[in-house]
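Notes to accompany the following structure.
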Amino acid sequence: MSFFCFNISCNQNQNTPDQTYCSNCGSPLTLKDRYAATQLLGCGGFGRTFAGVDQRSDLGKPCAIKQLHMPYMAGTSKQKILELFERESQWLYQLDEHPQTPKFIDYFAAGENLYLIQELIAGQTLTEEIGARSTPYQEAEVVEFLGEVINILKYIHHYKIMHRDLKPDNFIRRDSDQKWVLIDFGASRILSETALLGGATVIGTPEYMAPEQHRGRVLPASDLYSLGVICVQLITGRSTLEMFDIQTNQWFWTNFIPKDTVLSKSFVQLLNDLIAPVVGDRPKSAIQVEQYLRRMERRKKQGRIQPYQRSITATQSRTTFVNSGDQPTVLTEGSPPVVHAVWDPPTTPKFPQPQYDLKKLSSHLRIHRWKAADRETWHVVNKSVGKKANAFLFPRDVEQIPCALLRDIDQLWNQYSNNHFGFKQQLEIYASVDGEYHLFCSILGWPLIARNSDPGKDFQFKTNAPYGHLPSRQKMGGTNLKRNIQVLYKKLSESEFF
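Position one of the sequence shown corresponds to residue 13 (the numbering used here), numbered consecutively onward.
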């Protein structure tokens, strides 16, 4: 065994265990007379990570040592940095309860560096696993990976911690139980939440970063985007830098699905939602993704999973990043990486033009005229099944509503309510209560039965109405509202769009 020197200017890595100081520069080889580095695991824009040993523990317990170099940190005095580091590091102790995050051991400052000491996870990184495979991953494998990671993200997001740097290097399949462990969120918390690096600095890896993250804004949906990109990479076996058209702001990853890979419609839709360039088009939380995966599992058990039909998406350009080799964690100021575009002839749009006029609905929603938008929603729906604008819908009518129309209406409600209203939100709630009608109505703030001759008076047409409250059910007719709702949400749950 040999020890590494912690001096960032010294490259000596052959110090023997019996040495106290570096043979090259004379710096101490242990931190707090306790932690010694035995292997350099990686370097990034803000420091280095070592495998090490805790010499105070029995048999020298392994640990991971994250070294953050203070001179790299801008705009803040050293004393202020230390105060912020002390405060923010204490958050990491709260994450010890999850079995798939490293245990937090210690934090301290020494010289010009800050240090985080965590449990060392023995295992293979996802990057290493990808490199060792001769074939891409199948849907079942990616769903299993996704389910484990979503559970971890749900946990850390609960503590208002965004990882900010999800990439294959930061997932380790633990040798002891073959579970995935998420690493390296400690440094992201320290550097980001304390603003140690200044407002213009972005933490992340370009290939996996969400568009808003390039501009310094990070949300839970940003981590979900990065996770979706990783899943696309696993399915296709290709670098995701090849599969995004920067000119049209569209993904065309489905063109790269291997011929022997069979995917379901619902799984492809989930990945498309996760990697949507617009934040509002993605799931808002890990909980929503978890619920979607549960619905997929139920459909699979019921034999209701439909296969994805392959089609080639035409693109106007193909782009590659200049730094398209290994993508380390970087700290960038200003613009994202430069791209070169190779132009192909213009092509037809990816999606067909809508069959129904939704301009009036869009206009009402844009200025938050919720009541008018709700009325227009049902006017358009009625028209799609050949009924008069003010007529009521019955189960046989609901079964005839085009799913594509419901999708387009839902997207408009999502867009202009900041994902607060829409059919997708209602379906999420309906699934979460297993179709219990009274619970469903209670959460939405809907009466169990119509209480007024004017159905519109039963609902709240305001921005702060309960989550998923609109569109209302005011055109659902008949004496059994529960039956109408069942038919509608069964239709939505079986649609490839929801």
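A virtual CB, placed ideally from N, CA and C, is assigned to each residue, including glycine.
- Comparing alpha-carbon positions, the option among 157, 196, 320 lying closest to residue 239 turns out to be 157.
- One Cα belongs to residue 245, the other to residue 14, and the distance between them is close to 37 Å.
- Sequence-distant partners of residue 319 (beyond 5 residues in either direction) whose C-beta falls short of 8 Å from its own C-beta, in its chain, are 274, 275, 276, 277.
- Scanning its chain for C-beta atoms nearer than 6 Å, with the 5 sequence neighbours on each side dropped, one finds around residue 256 the residues 263, in chain order.
- For residue 422 and residue 311, the gap between their C-alpha atoms comes out near 22 Å.
- Taking 8 Å as the cut-off, the Cβ atoms of residue 189 and residue 137 do not count as close.
- By the neighbour-count criterion, in which 16 or more other beta carbons inside 10 Å mark a residue as buried, residue 124 falls on the exposed side.
- Around the beta carbon of residue 54, fewer than 16 other beta carbons sit within 10 angstroms, so the residue counts as exposed.
- Looking at the backbone, the Cα of residue 52 and that of residue 28 are separated by about 16 Å.
- Rounded to whole angstroms, the gap between the alpha carbons of residue 280 and residue 66 is 45 Å.
- In this structure, residue 166 sits away from residue 233, with a CB-CB distance that is not shorter than 8 Å.
- In the same chain as residue 154, and ignoring 5 residues on each side of it, the C-beta atoms closer than 7 Å to its own belong to 243, 246, 247, in chain order.
- Residue pairing by DSSP places residue 276 opposite 319 in a beta bridge.
- Within the DSSP bridge table, the entry for residue 61 names 54, 78 as partners.
- Secondary structure note for residue 123: it is in no alpha helix (DSSP H), with a DSSP letter that is neither H nor E.
- Counting along the chain, residue 452 sits inside the alpha helix (DSSP H) bounded by residues 449 to 456.
- Note on geometry: alpha-carbon atoms of residue 502 and residue 410 lie some 10 Å from one another.
- Apart from sequence neighbours up to five positions away, the residues of its chain that approach residue 487 with a beta-carbon distance below 8 Å are 390, 393, 394, 403, 404, 405, 467, ordered along the chain.
- Listed as beta-bridge partners of residue 488 by DSSP are 405.
- Counting C-beta pairs with one atom in each stretch, the segment 430 to 439 and the segment 478 to 485 have three or more that are closer than 8 Å, which means they touch.
- Contact between residue 95 and residue 316 does not hold, since their C-beta atoms are separated by about 56 Å, which reaches or exceeds 8 Å.
- Annotated as distal: residue 102 and residue 164, with beta-carbon spacing of 8 Å or more.
- By the neighbour-count criterion, in which a residue is buried when 16 or more other Cβ atoms sit within 10 angstroms of its Cβ, residue 61 is buried.
- Close CB contacts of residue 306 within its chain, under the 8 Å cut and outside five residues either way in sequence, are with 443 (chain order).
- CA-to-CA, the gap between residue 462 and residue 386 works out to about 17 Å.
- Taking 8 Å as the cut-off, the Cβ atoms of residue 424 and residue 377 count as close.
- Annotated three-state conformation of residue 501 is helix, per DSSP.
- Excluding residues up to 5 positions away in sequence, 79, 80, 81 lie with their Cβ nearer than 6 Å to the Cβ of residue 59 in the same chain.
- Residue 254 holds the alpha-carbon nearest to the alpha-carbon of residue 266 among 258, 260, 254, 259.
- By the Cβ-count criterion, residue 31 is exposed, with fewer than 16 other Cβ atoms from all chains shown falling within 10 Å of its own Cβ.
- Per the DSSP secondary-structure output, residue 40 pairs in a beta bridge with 33.
- Excluding five sequence positions before and after residue 223, the CB atoms of its chain that fall closer than 6 Å to its own CB belong to 289, given in chain order.
- The three-state reading of DSSP puts residue 394 in helix, counting H, G and I together.
- Residue 120 sits close to residue 44, with the two beta carbons spaced by under 8 Å.
- The alpha-carbon of residue 69 is positioned some 17 Å away from that of residue 128.
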